[in-house]
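I have placed the structure first, in the form of structure tokens, so that the comments after it can refer back to it.
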Amino acid sequence: MRKLREFYIGGRWVPALSKAGHTLIDATTEQPFDTVALGGRNDVDAAVMAAKLAFPAWAASEPGERMALIRRIREIYSERVEDMARAISQEMAAPIELARTRQAPAALRHMTNFLAVMEHFEFVRQLGPHAPDDRILMEPIGVVGMITPWNWPMSQVALKVVPALLAGCTMVLKPSELAPLSSVLLAEIIHEAGAPAGVFNLIQGDGLTAGARLVEHPDVAMISFTGSTRAGASIMKGAADTFKRVALELGGKGANLIFADAEEDAVERGVRQCFINSGQNCNAPTRMLVERSIYDEAVEKARTAAQSIAVGPSSAEGTHMGPVISECQFDRVQSLIETGIREGARLVAGGIGRPAGFNRGFFVQPTVFADVSNDMMIAREEIFGPVLSILPFSDEEDAVAIANDTPYGLTNYVQSSDGARRNRLARRLQSGMVEMNGQPRGAGSPFGGVRHSGGAREGGVWGLEEYMVVKSVSGWAS
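Residue 91 is where the sequence shown starts when you use our numbering, and the numbers rise one by one after that.
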């Protein structure tokens, strides 16, 4: 693919200045299928300059013009959603059905939701009746550097690009070098939709070079990053000298509290939610906390559910689980499974090595550990693979103590028919999100965490305001 060796800068495709490249590997076959350019300092500088030059005009454009651009992008994206699904399936090994039904359409949902927010968003607001001549102006922050992950590529890209465009920002997007295909296709779509030159720019590269230059660049007003907690800490330090805003959406180690009065399918639902996308989800419910009176029954249900999950190639049709994205990720997951066994957790499903019938590919067995204690590494580390840890709890107090005993705080889950209990737990669980009884968050709900999970809020009005600065004005002429 020629455009993997080019960058979209200033409204056109230009050859990468850096000669470095990264070989893309098919996670099913372990065979290389292409090479993506890795941008250097000069590539990043060129993209930032294009965004800087385009910012004044785009910031001054009418909100209706910006909304019209997103509508055109959404229309073209809809026509190419199958192309996007195939690109995502190839680059990060999502099974094609998952790519079609969940991965690729996520960007369309985000576009629709942000457009709905814009219908009622006030860029100029009255402070209040006590100060009739004061106004609060919501203004675009400037050039935004966006660094996105490989696990949900278009969902994470759209959660940044769409609200930034609507806010009036210009941007430089650097997707993960492991998943460049979908972002190249998005750049083609944005170009076809008629985005002004320099408003959206795409470079490829790794975190140590291209990512680091974006973070330190003095003309970048904000960095929006989704990825690992370790990388997030590095970005905060790198951005300090230029005092830029940093929005971080990082890792998680979600607890799923299952009480004795939970719905019959709560355990199976929790297992399947943990293993979707091969467990490569920051908000996965990877710690299943079960009330002791139903613990043994829950462990058996989890075993049965895990053993019923089929594993297969990403290109095959069906609802199976695919491989993890890379050899590095495979080795990490295998190492942590070995650690769980060594620490004394009881292996009830899956384990070390590939599933039966596979002698190549980065396939991991759907793995369940029982009798896990919260000080074990498998209960504390974000594994980012299909590994579930089951822990018993005695009562509500015990469950809350275990759930909150983690440096992370992204998503927690509660399964109980007691509404008063659910409401209490929603307040006590230390996380940015709480999902209960299998009910997903509604359209426009903010996505984000606390503590080591970062403090960004992506989606809805919060995701739009993330890209704005608040200006207070007195003496406004009505």
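All C-beta atoms, glycine included, are put in the ideal place defined by N, C-alpha and C.
Predicted model, so just to flag it, every value in this text is computed and none were measured.
Exercise. Just the C-alpha distance for residue 484 and residue 528, rounded to the nearest angstrom, thanks.
Key: 22 angstroms
Quiz item: Do the stretch 398 to 418 and the stretch 442 to 452 make contact, defined as three or more Cβ pairs closer than 8 angstroms?
Solution: yes
Practice problem: Evaluate contact between the stretch 133 to 146 and the stretch 468 to 477, counting only Cβ atoms and requiring at least three cross-stretch pairs below 8 angstroms. | Solution: no
Self-check item: Segment limits, beta strand (DSSP E) that includes residue 112
Solution: 111 to 115
Practice problem: Measure the CB-CB distance between residue 225 and residue 566 and report whether it falls below 7 angstroms. | Solution: yes
Quiz prompt | Inter-residue spacing [alpha-carbon to alpha-carbon] between residue 155 and residue 279 | solution = 17 angstroms
Quiz item: In the structure shown, what three-state DSSP assignment does residue 173 receive?
Solution: helix
Exercise. Alpha carbon to alpha carbon, how far is residue 558 from residue 542? Give it in angstroms, no decimals.
Key: 24 angstroms
Quiz prompt | Length-filtered (4 minimum) alpha helix (DSSP H) runs lying within the stretch 483 to 533 | solution = 486 to 494 and 509 to 518
Self-check item: Simplified DSSP assignment, three categories, for residue 225
Solution: strand
Exercise. Write down the C-beta distance between residue 308 and residue 396 rounded to the nearest angstrom, noting that I regard them as a contact closer than 8 angstroms.
Key: Not a contact, Cβ separation roughly 50 angstroms.
Exercise. Taking only heavy atoms of the ligand NAP into account, decide whether any of them is closer than 6 angstroms to the Cβ of residue 422.
Key: Ligands displayed in this structure: none; no statement on the ligand NAP is therefore possible.
Quiz item: Which partner residues of residue 235 appear in the DSSP bridge assignment?
Solution: 262 and 313
Practice problem: Output the distance between the C-alpha atoms of residue 193 and residue 175, rounded to the nearest integer angstrom. | Solution: 7 angstroms
Exercise. Kindly give me the distance between the Cβ atoms of residue 243 and residue 265, rounded to whole angstroms, as I take these residues to be in contact under 8 angstroms.
Key: 6 angstroms
Quiz item: Helix or strand or just coil, what does DSSP make of residue 562?
Solution: strand
Self-check item: Where residue 242 falls: helix, strand or coil (DSSP)
Solution: coil
Practice problem: Sort out for me which residues DSSP pairs residue 379 with in a bridge. | Solution: 347 and 481
Practice problem: Indicate the three-state DSSP secondary structure (helix, strand or coil) for residue 102 in the structure shown. | Solution: strand
Exercise. State buried or exposed for residue 333, treating a residue as buried only when at least 16 other CB atoms are found within 10 Å of its CB.
Key: exposed
Quiz item: Excluding five sequence neighbours on each side, which residues of the same chain lie with their C-beta closer than 6 angstroms to the C-beta of residue 107?
Solution: 132 and 133
Quiz item: In the DSSP assignment, what residue or residues form a beta bridge with residue 214?
Solution: 227
Quiz item: Can you pull the DSSP bridge partners for residue 126?
Solution: 112
Practice problem: Sort 189, 172 and 158 by Cα distance to residue 202 and report the nearest one. | Solution: 158
Quiz item: Which residue from 98, 257, 469 and 109 puts its Cα closest to that of residue 151?
Solution: 257
Quiz item: Is there contact between the stretch 342 to 350 and the stretch 494 to 509, where contact requires at least three CB pairs shorter than 8 angstroms?
Solution: yes
Exercise. Measuring alpha carbon to alpha carbon, tell me which of 200, 314 and 387 ends up nearest residue 438.
Key: 387
Quiz item: On the three-pair Cβ rule with 8 angstroms, is the stretch 233 to 249 touching the stretch 168 to 187?
Solution: yes
Self-check item: Cα-Cα separation, residue 292 to residue 101
Solution: 10 angstroms
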